[in-house]
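So the structure is just underneath, and the comments pick up after that.
Residue numbers (the numbering used here): 568 to 824.
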């Protein structure tokens, strides 16, 4: 048996995996189904004992890997992720909502007043609300798949690492390096704000390649120098206040902000 390899445990059954959705649009779970050419191969390596999006069956008591999409927004969901952590050998947080609280995190400030903007009285189905927060801010997480939505192939790579272990170093570079490698022009030269200069790289700068500024959905790189970035933004004539406001979309509860 190799070290840190869940799939190689000496037992006559494949690794048991559960996929759980919290506060999110479930788009990241849908992305998993978009890898038709590889999905059956992936599913053949695991025992998918519970997938909230695909089944109404109750979650089993025993499993090896827990995959979590969505932000923690209620006491019930906080208790659930703690339960998942206590049972799983590895936890994988997928998508911006799970990793940095994402869009739900935008409601973290004055969160108790938010439901009254929609409902006359808060429905019981909302549960006991807490300020939206990321999964890693509640429990320890071994693996993360960022972006909104996730890249399904990055998900497969990460799941493989969760199952078989890996000593690969995870890059913390920012997006600007990818743009230079892609020989993509910089939006700041046009006086247009782009969050790529502080955002964690890894998506290949797809939005920028399509002519759209980065909106920071992969989260802020731990290596990002925000003060220097603000100075650069101001130097190009772009509003620093607007830059900070834009960071809130996917990084409201990100400790690196």
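Each residue gets a CB set at the ideal place from its N, CA and C atoms; glycine is no exception.
Please tell me whether residue i and residue j are closer than 8 Å, where the distance is taken between their beta carbons.
{"i": "residue 753", "j": "residue 718", "result": "no"}
{"i": "residue 616", "j": "residue 585", "result": "yes"}
{"i": "residue 697", "j": "residue 641", "result": "yes"}
{"i": "residue 817", "j": "residue 778", "result": "no"}
{"i": "residue 639", "j": "residue 705", "result": "yes"}
{"i": "residue 648", "j": "residue 726", "result": "no"}
{"i": "residue 819", "j": "residue 694", "result": "no"}
{"i": "residue 589", "j": "residue 623", "result": "no"}
Measure the C-alpha to C-alpha separation of residue i and residue j and round it to an integer number of angstroms.
{"i": "residue 683", "j": "residue 812", "result": "24 Å"}
{"i": "residue 607", "j": "residue 723", "result": "12 Å"}
{"i": "residue 803", "j": "residue 784", "result": "23 Å"}
{"i": "residue 646", "j": "residue 781", "result": "34 Å"}
{"i": "residue 699", "j": "residue 793", "result": "23 Å"}
{"i": "residue 618", "j": "residue 701", "result": "20 Å"}
{"i": "residue 674", "j": "residue 703", "result": "18 Å"}
{"i": "residue 749", "j": "residue 773", "result": "10 Å"}
{"i": "residue 728", "j": "residue 686", "result": "43 Å"}
{"i": "residue 621", "j": "residue 806", "result": "44 Å"}
{"i": "residue 634", "j": "residue 605", "result": "18 Å"}
{"i": "residue 602", "j": "residue 721", "result": "11 Å"}
{"i": "residue 679", "j": "residue 597", "result": "30 Å"}
{"i": "residue 808", "j": "residue 814", "result": "10 Å"}
{"i": "residue 568", "j": "residue 734", "result": "Unreliable positioning characterises residue 568 in this predicted model, as indicated by a pLDDT of 44, which lies under 50. The coordinate reading is nonetheless provided below. Cα to Cα, residue 568 sits roughly 16 Å from residue 734."}
{"i": "residue 775", "j": "residue 736", "result": "25 Å"}
{"i": "residue 544", "j": "residue 691", "result": "Outside the displayed span of the chain (568 to 824) sits residue 544, for which this structure offers no information."}
{"i": "residue 681", "j": "residue 757", "result": "37 Å"}
Would you give the residue range spanned by the beta strand (DSSP E) that residue i belongs to?
{"i": "residue 615", "result": "614-618"}
{"i": "residue 661", "result": "657-661"}
{"i": "residue 584", "result": "583-588"}
Below 6 Å CB to CB, which residues in the same chain sit around residue i once its five sequence neighbours on both sides are set aside?
{"i": "residue 711", "result": "660, 666"}
{"i": "residue 530", "result": "Here the chain comprises residues numbered 568 to 824, so residue 530 is not present and cannot be evaluated."}
{"i": "residue 755", "result": "803"}
Given residue i, which residues of its chain have a CB within under 8 Å of its CB, disregarding the five upstream and five downstream residues?
{"i": "residue 662", "result": "591, 594, 595, 636, 637, 669, 712, 713, 714, 715, 716, 717"}
{"i": "residue 707", "result": "652, 658"}
{"i": "residue 739", "result": "767, 788, 789, 790"}
{"i": "residue 741", "result": "763, 764, 765, 766, 767, 768, 788, 790, 791"}
{"i": "residue 612", "result": "574, 581, 582, 730"}
{"i": "residue 570", "result": "With a pLDDT of 49 at residue 570, under the threshold of 50, the modelled position of this residue cannot be trusted; read the value that follows with caution. Closer than 8 Å at the Cβ level, and outside the excluded window around residue 570, lie 732."}
{"i": "residue 627", "result": "583, 585, 616, 617"}
{"i": "residue 654", "result": "628, 629, 630, 633"}
Along the chain, where does the alpha helix (DSSP H) that runs through residue i open and close?
{"i": "residue 594", "result": "594-599"}
{"i": "residue 609", "result": "603-610"}
{"i": "residue 791", "result": "Element bounds for residue 791: n/a, residue is neither H nor E."}
{"i": "residue 807", "result": "807-818"}
Can you list, in chain order, the residues of its chain whose CB lies under 7 Å from that of residue i, leaving out five sequence neighbours each side?
{"i": "residue 810", "result": "760, 797, 800"}
{"i": "residue 599", "result": "719, 722"}
Pick out the complete beta strand (DSSP E) segments inside the stretch 664-737, 3 residues or longer, and give them in chain order. Complete beta strand (DSSP E) runs here, min 3: 696-700, 710-712.
At 3 residues or longer, and completely inside the stretch 615-654: list those beta strand (DSSP E) runs for me, N to C. The qualifying runs are 632-636, 639-641.
Taking the runs of the beta strand (DSSP E) that are 3 residues or longer, which of them lie wholly in the stretch 741-786? Complete beta strand (DSSP E) runs here, min 3: none at all.
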